[in-house]
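A.B. asks: In this note's numbering, the protein residues as written are 118 to 197.
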Amino acid sequence: MSVQFIDELSNKIKEIYASLPAEDVERNLHALLKGAFTKLELVTREEFDVQTEVLRKTRAQLAALEKQLAEIEAKLGQSS
């Protein structure tokens, strides 16, 4: 996160807080923060965990394929 982004976010929060009744501040602050986090392209913990599992399985498959390839290459090398 850049300092400029945080400063802009802080200034927007101050503007909202100063210009609105207290009950509207929470609603508007929530919308502002949601927009800011969307702009940062963050992912949820669930999305992160799913992608971590996909990566783990992909790495396991790659290791298995590398092993198979090495075995095939060894067999081809023996037959020559």
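Note that the Cβ used here is the ideal one computed from N, Cα and C, for glycine as well. Since the structure is predicted, the reported quantities are computational estimates derived from the model, not experimental observations.
For glutamate 125 and alanine 135, what's the separation of their Cα atoms in angstroms?
C.D. replies: One C-alpha to the other measures close to 15 Å.
A.B. asks: Using DSSP with H/G/I as helix, E/B as strand and the rest coil, what is serine 127?
C.D. replies: Residue state, collapsed to three classes: helix.
A.B. asks: Residue range of the alpha helix (DSSP H) that leucine 193 falls in?
C.D. replies: 162 to 196 is the span of the alpha helix (DSSP H), which, as asked, contains leucine 193.
A.B. asks: Under the assumption that isoleucine 130 contacts leucine 146 (Cβ atoms under 8 Å), give the Cβ distance between them as a whole number of angstroms.
C.D. replies: Indeed, because the Cβ distance is near 6 Å, the residues count as touching under 8 Å.
A.B. asks: Between glycine 152 and leucine 179, what straight-line distance do the alpha-carbon atoms span, to the nearest angstrom?
C.D. replies: Looking at the two C-alpha atoms, the distance is approximately 38 Å.
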